[in-house]
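Participant: Letter 23 of the sequence shown, counting from 1, is numbered 23 in the numbering used here, and no numbers are missing.
Beta carbons: idealized from backbone N, C-alpha and C, even for Gly.
One structure coming up, written as structure tokens, with questions to follow.
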Amino acid sequence: MRKTEIVTEEVEVTSDLICNNCEKSLKQIIGTDGTYNFCGLEEVQMNCGYGSKNDGTLFTFSLCEECVLDMMSKFKIPADEVDYLFG
Ligand SMILES: [Zn+2]
């Protein structure tokens, strides 16, 4: 016979992501129940390969939508843009 009991387990979850550039939250509340998602670049990693200026360094950062759009506005070659919801 197996005896069971209900236990509470602590689990680490991501509660927010902060933009490394402006310190704003990437969290956007999308539901009345508090449901949320993150908008922007989430924990992007840049690996600097052999022989590069930062050889062996792995950079990790997040950028909010506003900062990404600002950065993209300075591109000499515009980013590709596709409206994947409404075609
Ligand atoms: Zn930002």
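Have a look at K53 and T4 and give me their C-alpha separation to the nearest angstrom.
Facilitator: 57 Å
Participant: Measure the beta-carbon distance from M46 to F59 and round it to whole angstroms, keeping in mind my assumption that it falls under 8 Å.
Facilitator: 4 Å
Participant: Tell me which residues pass a beta-carbon proximity test against ligand 1: closer than 6 Å to any heavy atom, given in chain order.
Facilitator: C19, N21, C22, K24, L63, C64, E66, C67
Participant: Decide if the region 63-79 is in contact with the region 18-28; the criterion is three or more beta carbon pairs, one per stretch, under 8 Å apart.
Facilitator: yes
Participant: Going by the CB atoms, is the gap between G40 and C19 shorter than 8 Å?
Facilitator: Yes, these two residues count as a Cβ contact at 8 Å.
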